[in-house]
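Down below is the structure, laid out as structure tokens.
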Amino acid sequence: MSTLNKMKAGIIGAGGIADYHINGYMSTGVRVDAIADKDVKRAEEKAEKYGIKKVYSSYTEMLDKTEVELVSVCVPNNLHCEVAIKVLDSGRNVFCEKPPALNAEETMKMASAAKKAGKTLMFDFNNRARPEAQALMEYIKNGDIGQINSAQSLWIRRCGIPGFGGWFTQKALSGGGPVIDLLHMIDLALYFMGFPEPEWVLAGTFDDFSGNPDFKGPWGIPDVKDGIMDVETASHAFIRFKTGQVLFARNSWAEMNEREEVSVTFQGKKAGGMIRRLFGRDGIDDTAIDDCEIYTTEYGKPVNRKIVTEPDEKMGRERAVVNFVRAVAGEEKPYSTPEEAVILMRIIDAIYKSALTGSPVKVV
Ligand SMILES: NC(=O)c1ccc[n+]([C@@H]2O[C@H](COP(=O)([O-])OP(=O)(O)OC[C@H]3O[C@@H](n4cnc5c(N)ncnc54)[C@H](O)[C@@H]3O)[C@@H](O)[C@H]2O)c1
Numbered sequence: 004m005s006t007l008n009k010m011k012a013g014i015i016g017a018g019g020i021a022d023y024h025i026n027g028y029m030s031t032g033v034r035v036d037a038i039a040d041k042d043v044k045r046a047e048e049k050a051e052k053y054g055i056k057k058v059y060s061s062y063t064e065m066l067d068k069t070e071v072e073l074v075s076v077c078v079p080n081n082l083h084c085e086v087a088i089k090v091l092d093s094g095r096n097v098f099c100e101k102p103p104a105l106n107a108e109e110t111m112k113m114a115s116a117a118k119k120a121g122k123t124l125m126f127d128f129n130n131r132a133r134p135e136a137q138a139l140m141e142y143i144k145n146g147d148i149g150q151i152n153s154a155q156s157l158w159i160r161r162c163g164i165p166g167f168g169g170w171f172t173q174k175a176l177s178g179g180g181p182v183i184d185l186l187h188m189i190d191l192a193l194y195f196m197g198f199p200e201p202e203w204v205l206a207g208t209f210d211d212f213s214g215n216p217d218f219k220g221p222w223g224i225p226d227v228k229d230g231i232m233d234v235e236t237a238s239h240a241f242i243r244f245k246t247g248q249v250l251f252a253r254n255s256w257a258e259m260n261e262r263e264e265v266s267v268t269f270q271g272k273k274a275g276g277m278i279r280r281l282f283g284r285d286g287i288d289d290t291a292i293d294d295c296e297i298y299t300t301e302y303g304k305p306v307n308r309k310i311v312t313e314p315d316e317k318m319g320r321e322r323a324v325v326n327f328v329r330a331v332a333g334e335e336k337p338y339s340t341p342e343e344a345v346i347l348m349r350i351i352d353a354i355y356k357s358a359l360t361g362s363p364v365k366v367v
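Each step along the sequence shown adds one to the number in our numbering, with nothing skipped, and position 51 is 54.
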């Protein structure tokens, strides 16, 4: 029996993303032993669907009463820091949903807690786990691209506000709108660029269409009547790194774009490339088209190489969990580190600060 079959996992938060975590664990042979949600009905529904034996309304009770060693943190963003630290302090490994936390300060606290506990802390940057992203990383690691001078990251939705007045649209609970919710492509660009040290950020955010139901996403997250909606709906940011590299980042939930596009394009000293998902309709994965290309020169002619990978409609969401399990078992290098998450969140903090002050911001 492989070591993975002996490991047990627990899930905290039985919402939409939890299914990917459960399926990811199950695909490795890890047993999902327990699930906790303060809305215990939601936990019971998932437990029944997947045959999970232990159900709790309190995650601390789950930690006290079970021997799970792998824990997924799938609660709203404002709880990531508090919950992850409690889990790490109890001697478990943590796979925490994105964003790492509300800001860099919280993320640093989580990284310190993991170090102190001697346990693994990983974040769900699932786009790094996509077959296309890993294929591009092979070229980058092998030196075929050279230093990436510049990159453009986009996660732009036309009608993608995730429910009005719920936790996603309240700054205190989510940390912000599409900048923090759709931070995946900024993260992926940084991953390709080698996580250089950021120096300056200049950004502008907008809140157009904020209360307009025509711009709601198709995920069926219920609206909360008279609920708060105090986050941005679009952001445009320019980031300069100490290395001289630059990144342009565009994120939106509601903007007059042609369609939903999720992409990173980069220009290296030797070659360029891109990874892109175009959605047929906002948020509907099974109509999406995935592309991945390298731009180079051969025999004096520009050459565009299309990299063909196995399709992954789930955008790496299960594969990222598999990587967490294998990283804890020492079978695979982790796709992400807490130090990288801190750099990402320092940039996110600076985007919000620059948008608020209207000035370029030195990244601290
Ligand atoms: N990686 C991705 O592609 C992706 C996609 C969607 C969401 N997410 C992230 O996953 C997290 C959860 O998002 P979701 O869409 O599943 O949200 P959701 O609102 O559907 O689910 C969150 C669940 O957490 C529960 N909860 C709240 N407080 C709790 C507590 N103190 N203890 C236990 N349970 C508690 C809620 O009752 C709810 O069932 C968020 O951080 C979000 O950013 C990631």
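All residues carry an ideal CB built from backbone N, CA and C; glycine is no exception. Remember, predicted model here, so these are calculated numbers, not experimental data.
Buried or exposed by the 16-neighbour rule on C-beta atoms within 10 Å, applied to residue i
{"i": "Y194", "result": "buried"}
{"i": "W222", "result": "exposed"}
{"i": "Y142", "result": "buried"}
{"i": "V97", "result": "buried"}
{"i": "I183", "result": "buried"}
{"i": "Y302", "result": "exposed"}
{"i": "E261", "result": "exposed"}
{"i": "N254", "result": "buried"}
{"i": "I14", "result": "buried"}
{"i": "I351", "result": "buried"}
{"i": "N80", "result": "buried"}
{"i": "P102", "result": "buried"}
{"i": "E321", "result": "buried"}
{"i": "S156", "result": "buried"}
{"i": "K219", "result": "buried"}
{"i": "L185", "result": "buried"}
{"i": "D285", "result": "buried"}
{"i": "P305", "result": "exposed"}
{"i": "I148", "result": "buried"}
{"i": "N307", "result": "exposed"}
Rounded straight-line distance, which links the Cα of residue j to that of residue i
{"i": "C162", "j": "A120", "result": "42 Å"}
{"i": "K374", "j": "V249", "result": "A question about residue 374 goes unanswered here, because the residues of the chain that appear run from 4 up to 367."}
{"i": "L205", "j": "T69", "result": "47 Å"}
{"i": "A353", "j": "A154", "result": "18 Å"}
{"i": "E258", "j": "F251", "result": "17 Å"}
{"i": "E264", "j": "D67", "result": "43 Å"}
{"i": "E47", "j": "T340", "result": "32 Å"}
{"i": "Y355", "j": "I25", "result": "33 Å"}
{"i": "R34", "j": "T290", "result": "32 Å"}
{"i": "L176", "j": "L347", "result": "19 Å"}
{"i": "F244", "j": "N152", "result": "10 Å"}
{"i": "G16", "j": "D36", "result": "14 Å"}
{"i": "L105", "j": "E51", "result": "32 Å"}
{"i": "H83", "j": "A39", "result": "14 Å"}
{"i": "S357", "j": "G230", "result": "27 Å"}
{"i": "T110", "j": "P337", "result": "18 Å"}
{"i": "V71", "j": "D22", "result": "18 Å"}
{"i": "N8", "j": "L91", "result": "22 Å"}
{"i": "M196", "j": "V234", "result": "29 Å"}
{"i": "L73", "j": "M125", "result": "11 Å"}
{"i": "L139", "j": "P216", "result": "38 Å"}
{"i": "I287", "j": "G19", "result": "15 Å"}
{"i": "Y298", "j": "D190", "result": "22 Å"}
{"i": "S61", "j": "K41", "result": "6 Å"}
{"i": "R160", "j": "W256", "result": "5 Å"}
{"i": "G169", "j": "E100", "result": "18 Å"}
{"i": "V345", "j": "I310", "result": "31 Å"}
{"i": "R407", "j": "I88", "result": "The question about residue 407 has no answer here: the residues shown for the chain are numbered 4 through 367."}
{"i": "I242", "j": "E316", "result": "30 Å"}
Collapsed DSSP secondary structure at residue i in the structure displayed
{"i": "M65", "result": "helix"}
{"i": "C84", "result": "helix"}
{"i": "G94", "result": "coil"}
{"i": "T246", "result": "coil"}
{"i": "G275", "result": "strand"}
{"i": "D42", "result": "coil"}
{"i": "N254", "result": "strand"}
{"i": "G16", "result": "coil"}
{"i": "L157", "result": "strand"}
{"i": "E108", "result": "helix"}
{"i": "L185", "result": "coil"}
{"i": "D36", "result": "strand"}
{"i": "F171", "result": "helix"}
{"i": "I25", "result": "helix"}
{"i": "S266", "result": "strand"}
{"i": "K56", "result": "coil"}
{"i": "K3", "result": "Residue numbering for the chain in the displayed model covers 4 to 367; residue 3 lies beyond these limits and cannot be assessed."}
{"i": "K89", "result": "helix"}
Ligand 3 heavy atom lying under 6 Å from the CB of residue i
{"i": "E85", "result": "Absent from the structure shown: ligand 3. Ligands present: ligand 1."}
C-beta neighbour in chain B for residue i, strict 7 Å
{"i": "G276", "result": "Absent here is chain B; the protein component of the structure consists of one chain."}
>> Please give the ranges of any alpha helix (DSSP H) in the region 292 to 360, keeping only runs that are unbroken, at least 4 residues long and fully inside the region.
In response: 320 to 331 and 341 to 360
> Which runs of the alpha helix (DSSP H) fall wholly inside the region 187 to 241 and span at least 4 residues, in chain order?
Replying inline: 187 to 196
>> For a minimum of 4 consecutive residues, which ranges assigned as the alpha helix (DSSP H) are wholly contained in the region 120 to 155?
In response: 134 to 144
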